[in-house]
Each structure stands twice: as structure tokens, then as C-alpha cells.
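Trainee:
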Amino acid sequence: MSLCSRDVLVLAALGLAPLGAALAQTVAVDARSSVFDAGRAAVIGSSVPAFVPLPEGCIRYVEVPVVSGEVRAFVTSFPGGPDGNANYPTVSTDINAGQGVSAARHPRVMALLGVFTADAEPQNPSPQAVDFRTFGVDFAQITPELHQVFWIGDGRTSADAVQRFAVPEGATRLYLGFADAPNFRGDPTPGAYADNSGELSVTLAPVVVQPLPTIGVQPGDFEVCPGTSILLQCNGLEGGPWGYQWRKNGQNIEGATTEELRIDSAVPSDSGDYDCLVGNSCRVVTSRLASVLVYDCCPDLNADGNVDQDDVLYLANVIAGGENPQGIDPDFNLDGNADQDDLLALINTVGGGGCP
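The opening residue of the sequence shown carries number 146 in our numbering; numbering runs sequentially from there.
(1) Nearest to SER299 by CA position, among ASP340, TRP387, GLY226 and ASN482, is which residue?
(2) Which residues in the same chain have their Cβ closer than 8 Å to the Cβ of THR302, if we skip the five residues on either side of it in sequence?
(3) Would you check if the distance between the CB atom of ASP325 and the CB atom of GLY190 is smaller than 9 Å?
(4) Assuming ARG217 and ALA339 make a contact with CB atoms under 8 Å, what is their CB distance in whole Å?
(5) For a test of the three-state rule: what should DSSP assign to PRO198, helix, strand or coil?
(6) Thinking C-beta only, is SER346 closer than 9 Å to ALA173?
(7) Measuring CB atoms only, is the region 470–482 touching the region 395–413, in the sense that at least three cross pairs come out at less than 8 Å?
(8) Look at the Cβ atom of LEU422, then the Cβ atom of GLN390, and state whether they are nearer than 9 Å.
(9) Counting only runs that start and end within the region 266–319, where is the alpha helix (DSSP H) found for 4 or more residues in a row?
(10) Need the endpoints of the beta strand (DSSP E) that ASP487 sits in, please.
(11) Could you work out which residue in TYR419, PRO358, TRP387 and GLU399 is closest to ILE375 when comparing CA atoms only?
(12) Under a three-way DSSP split, which group does GLY497 fall into?
(13) Under 8 Å by Cβ, that's how I've got GLY385 and THR262 pegged, so tell me the actual separation to the nearest angstrom.
(14) So, SER237 versus VAL254, is the Cβ gap smaller than 9 Å?
(15) Between the beta-carbon of VAL352 and the beta-carbon of ARG205, is there less than 9 Å?
(16) What are the partner residues of ILE360, as DSSP defines its beta bridges?
(17) Rounded to the nearest angstrom, how far is the Cβ of PHE181 from that of VAL246, given a contact under 8 Å?
(18) Taking Cβ positions, are ASP228 and LEU257 nearer each other than 9 Å?
(19) Taking the beta strand (DSSP E) that VAL457 falls in, what are its first and last residues?
(20) Taking 9 Å as the threshold (C-beta atoms), are HIS251 and PHE277 in contact?
(21) Taking only three categories from DSSP, how would you classify PHE261?
(22) Taking the beta strand (DSSP E) that THR171 belongs to, which residues open and close that run?
(23) Let me know if GLN268 comes out buried or exposed under the rule of 16 or more other beta-carbons within 10 Å of its beta-carbon.
(24) Name the two residues that bound the continuous beta strand (DSSP E) containing ALA435.
(25) By the DSSP assignment, the beta strand (DSSP E) with SER346 in it spans what residues?
(26) Only counting the same chain, and skipping five residues up and downstream in sequence, which positions put a Cβ closer than 8 Å to that of ASP440?
(27) Could you tell me the alpha carbon to alpha carbon distance between ASP175 and LEU357, rounded to whole angstroms?
(28) Going by other Cβ atoms of all chains shown within 10 Å of its Cβ, with 16 needed for buried, is GLU201 buried or exposed?
(29) Take the Cβ of ASP449 as the centre, count every other Cβ of all protein chains shown within 10 Å, and call the residue buried at 16 or more, exposed below.
(30) Can you have a look at ARG392 and say buried or exposed, based on whether 16 or more other CB atoms are within 10 angstroms of its CB?
(31) Just to confirm the assignment, what range does the beta strand (DSSP E) spanning SER417 have?
(32) Tell me where the beta strand (DSSP E) around LEU406 begins and ends.
(33) In chain order, what residues of the same chain lie with their CB nearer than 7 Å to the CB of SER150, ignoring the 5 residues before and after it?
(34) Measure the Cβ-Cβ separation of GLY365 and LEU377 and say whether it is below 9 Å.
(35) Going by beta-carbon coordinates alone, are SER222 and GLY322 separated by less than 9 Å?
(36) Would you kindly check if the distance between the Cβ of ALA248 and the Cβ of VAL188 is under 9 Å?
Rendered as C-alpha cells:
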């Protein structure tokens, strides 16, 4: 866990800043819920801990701007708020790890705690605990690990600024609960929560999300004659803005930073493998590899989409003085003459022998 701001991976080539999307919801956290039951079907507490699902994405943060209510650690104890019971200033919590969840070490007793989990149940070994008695609880932001207990309290600093809890990679849920055991020391103990009472109302807002880029339209393959116009497309799905960077044979194409890459009059040197990077400050995804082949010549003289005997007949007719609706140059072999040699060169090309 770090007190510093969570690192934000910025895609410099795309020049995008993270955006935020808010998710606000209020949940009730029963005093009998154990933070060590986070993500588990069978619980040691007397109530299933509350949780909120986390939307997909990255650069996510949870803020807890409003917490209200009181809880008691046992029937005859004084009630306390989300920062724990101030009536027992010399008593802290030091409970060992349990069920794949880290130990809970923090000032006071019955303070509101959080644990981020994935969909699967936490498994041992648990992550190393953070001792908030020495780390402190007056932080602006923390980055817990998955399954690592962290202090939430009232979600605010001593200056009343809303604290931020960064979501670790792979987390899909945030569980809320308490740490309770006999004398608030030792191992998590089944039954220790049964005499607790009260609940906290916790509002979580916002969860800041940078959506993950997804490619909706992939670039297609081309096999074309010289001079043909080529349009490669790579569109990110709704949820951007997205940044784009086209590449040819793995190298960035300077200035090709939009959804479309247009080659107005293709030449053989435009042949190659093209792909497109689509991303934001969160993540970059790569499109399929599109193959572009620009022939050295264009043997499809009649422009019917096929290179075959019909093209030879078309050229023979043009050389003989017939009509030329496609406006081809009958000098196919580029020797300065339109004659029988052009027919022979075309026949060779149609047969797979390559351009003259």
C-alpha cells in the first residue's frame, strides 16, 4: 500500500487524459458483519458483509463522502461512529489474518473497514497487513492490495477532505465490515460478532472509471492495382474519446492518428502489413493485422475483378484497334510499342509469372 497517488499510465503518443464516470450508491453495513468474510459464501460473522460491485475499467477510485450511524461492540458498550469508539481511546484493534484476508490493525475498535476482492474467494496466504496505528488514518489517498484490509472510517481527513481509495488491479468488488474478536486481539473468532448492534449507512461516490478501449471496426485486407484508392478503418466503440496510431510493418506512420488511414493513389511501395493502436491513458489495444498488396502492374485490364483469359482477349482487342472502355495503356510490357509482345507478357502474368 502506498500513500502516494496511484500511478496513471499515460499514452503519450495519443495525448489523452483520464476521464471520470460516477457511480453513487448507499449501503447499510451491519455491525455484525466481519471484514474477514469478504468474498466468501460461508461467514464467521453473524451477518453477511455488504459489498458494492465495481465497474470494469481502470484508473478507478472509491470515495466515501457520507457515513452515518452508530455501532456497539457489545450490548453494554458505548456506541461509536465510523471512526471507531472514541470512548475507549487506549484500546485499538490487532486481529490476525483469516480466510485469505490480511490482518486488521488500526486505532480504536469497531471502525469501518474495507477489502477489495475479485470474483473468486480469497485464499491463503493473505497479503501483508498495514498497521494503521503507525501508518496513520489521516491520508489523502491509499492504494490497498487485493484482500488487504484498509481503514475507511468516516472517509475524510482531519481537514474534512474526502479520502480516496484506489482500486487494485483485478478487483471487482469492495466489501465493507468490521474487525471484532475477544478483547480485539488474536484470531478472527466465530461468534464474536453476535453481540454487536447497530449499523452504518455508507455512501460510495464516485467510482472514477477510465473505460477500456474496444475496437468495433477492424481494418480489412486489400489487393489492388497501382493508382487505386485504399481506405483502412479502425473504430473504437462508444465510450471514448480514443486515440489512434496507425502502423506499417510495426512502425508508426507519422501523422496517421485518426480512425481512418487513406492512401489516395497506391503504389507498390505501399504494400505491407498495417495495424492500428486504439487507446486512452488506461490501456492500448491493437487491431488485427491488415495485409495490403499493391501490384507492380494491373493485369485485370477489363476491371471485372478477375485476372484471367478475358483480360488477354481485352488487350488483344485494344491492340487490334477495338474499343477501350477502361482506358488502359495497351503497352503492357512498357517497351514503347503496343504489339504481340504485350499479349505474351500479359499471358505470362495471368499464368502467375509476375509483372514485366
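Positions of the beta carbon are idealized from the N, C-alpha and C atoms, including for glycine.
Given the structure is predicted, the values throughout are model-derived calculations rather than measurements.
Mentor: Quick answer:
(1) Note that residue 299 is Asp in the sequence shown, not Ser. Of the listed residues, the one whose Cα sits closest to ASP299 is GLY226.
(2) ASP283, PHE284, ALA285 and GLN308
(3) yes
(4) With 8 Å as the limit, ARG217 and ALA339 do not qualify as a contact, their Cβ atoms being about 12 Å apart.
(5) strand
(6) yes
(7) no
(8) yes
(9) 277–280
(10) Not the beta strand (DSSP E): ASP487 falls in the alpha helix (DSSP H), residues 485–493.
(11) TYR419
(12) helix
(13) That pair is no contact at about 30 Å.
(14) yes
(15) yes
(16) GLY381
(17) 5 Å
(18) yes
(19) No beta strand (DSSP E) holds VAL457; the alpha helix (DSSP H) holding it covers 454–464.
(20) yes
(21) strand
(22) 170–175
(23) exposed
(24) 435–439
(25) 342–349
(26) Going by the sequence as given, residue 440 is Tyr instead of Asp. Same-chain partners within the cutoff: GLU368, VAL369, CYS370, PRO371, PRO413 and CYS500.
(27) 34 Å
(28) exposed
(29) exposed
(30) buried
(31) Before going further, note that residue 417 is Gly rather than Ser in the sequence given. Element bounds for GLY417: 417–424.
(32) 405–408
(33) Reliability of the predicted coordinates at SER150 is poor, the pLDDT of 29 falling under 50, and the value obtained from them is presented with this limitation in mind. Closer than 7 Å at Cβ, skipping near neighbours: GLN286.
(34) yes
(35) no
(36) no
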